[in-house]
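Data block below; observations after.
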Amino acid sequence: MDTNRKTLFDKVWDAHVVETIPDGPQIIYIDKHLIHEVTSPQAFAELEARNLEVFRPKQIIATADHNVPTLHQEQPIRDELSRNQVEQLTENCKKNMVELFGLGHQYQGIVHIIAPELGITQPGMSIVCGDSHTSTHGAFGAIAFGIGTSQVAQVFASQCLLLNKPQSMRITVKGELNENVQAKDVILYIISKIGTDGGTGYFCEYAGNVFEEMSMEGRMTVCNMSIEMGARGGMIAPDATTFDYVKGKNIRPERRGVEREISLLENP
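Counting from 221, one number per residue, gives the positions in the sequence shown under this note's numbering.
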């Protein structure tokens, strides 16, 4: 067995290593930082208290999605705490020149849905958000995972994170699914076999024709639920289905980003 052979996870992770601390963690560059109204206020406040500026505001996309009404968004939010959080997000984004899809904006929505739909999520990226289900974006061959508020502040200040590299776990599912078996059924079955803590310390790489034949929405479901078995995240290698989905989105991916991922696929 070739121990030097890199998996897709290894390749994408290693491409984002800024520096390795001897006998310690690595400094990882973050391509895209997604934020919302719940885990960002304290992080913005920390930067202000330390007299620091947001290092790369153009790499951040914000939306209000946790404490907002689905309907009648033109009306005031009844809950005071929720209303204050949304107002604080608006103020912080304006002050720090961060793009915000706020209430009433045509792109406002669940952060892990709008990012793929708008083409913000791209293959080969490193993506973080102060939300556990950030792993959704792994469906595009991105390394994506949730972070805590202190780490949100760290990315604000440096566009990097200090991290220990997780181990990689390959999960292969082959065969033909029975009628009406959906992506959620597949990942729930995997969790039933591995356990709710079986993925702890790992980043899962899903392989096999079952995942290859899924739609992007199905793949996003699988990667989203990777955390339910304790994994840091999950990812699926990009293919024609991935690139067809990404093409023509509102916020177009840079050509070099697509070419980089194609290179990873052609040279496993």
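Glycine included, each C-beta is placed from N, C-alpha and C at the ideal position.
Model, not experiment: these values are computed from the prediction.
For the putative contact between T354 and G366, defined by C-beta atoms under 8 Å, what is the C-beta separation to the nearest angstrom? Indexing the sequence shown from 1 puts residue 354 at position 134. Indexing the sequence shown from 1 puts residue 366 at position 146. So it is a contact: roughly 4 Å between Cβ atoms.
Reference H286; option with closest CA among E266, F275, E273, I255: The count along the sequence shown starts at 1 and reaches residue 286 at position 66. That would be I255, whose Cα lies nearest to the Cα of H286.
G453 lies in the beta strand (DSSP E); which residues open and close that run? Here residue 453 refers to the residue found at position 233 of the sequence shown. Looking at the DSSP string, the run of the beta strand (DSSP E) that includes G453 is 453-456.
CB contact flag (G339, V232, <8 Å): Position 119 of the sequence shown, counted from the start, is the residue given in the question as residue 339. Position 12 of the sequence shown, counted from the start, is the residue given in the question as residue 232. No, they are not a contact pair.
Among the candidates I411, T283, N429, G428, whose CA atom is the shortest distance from the CA of G450? Along the sequence shown, read from residue 1 onward, the residue named residue 450 stands at position 230. Looking at the Cα atoms, I411 is the closest of the given residues.
Tell me where the beta strand (DSSP E) around L320 begins and ends. Counted from its first residue, the sequence shown places residue 320 at position 100. The continuous beta strand (DSSP E) containing L320 extends over residues 319-321.
Answer yes if the segment 431-440 comes into contact with the segment 411-423, meaning at least three C-beta pairs across the two stretches below 8 Å, and no otherwise. Contact between the segment 411-423 and the segment 431-440 is absent, because fewer than three Cβ pairs lie under 8 Å.
Going by other Cβ atoms of all chains shown within 10 Å of its Cβ, with 16 needed for buried, is S352 buried or exposed? What you label residue 352 is simply residue 132 of the sequence shown in a count that begins at 1. Exposed, by the Cβ-count rule.
Can you tell me whether R476 is buried or exposed, with buried defined as 16 or more other CB within 10 angstroms of its CB? Mapped onto the sequence shown, residue 476 falls at position 256. Low confidence applies here, because R476 scores a pLDDT of 49, under 50, leaving its location unreliable and the question unanswered by this model.
L228 and E399 - do their beta-carbons sit closer together than 8 Å? Within the sequence shown, the letter at position 179 stands for residue 399. Within the sequence shown, the letter at position 8 stands for residue 228. No, the Cβ-Cβ distance between E399 and L228 is not below 8 Å.
For I334, I'd like the list of residues in its chain whose CB is within less than 7 Å of its CB, leaving aside the five on either flank, ordered along the chain. As a working note, residue 334 is residue 114 in the sequence shown. Excluding sequence neighbours, I334 sits near T283, F321, Y327.
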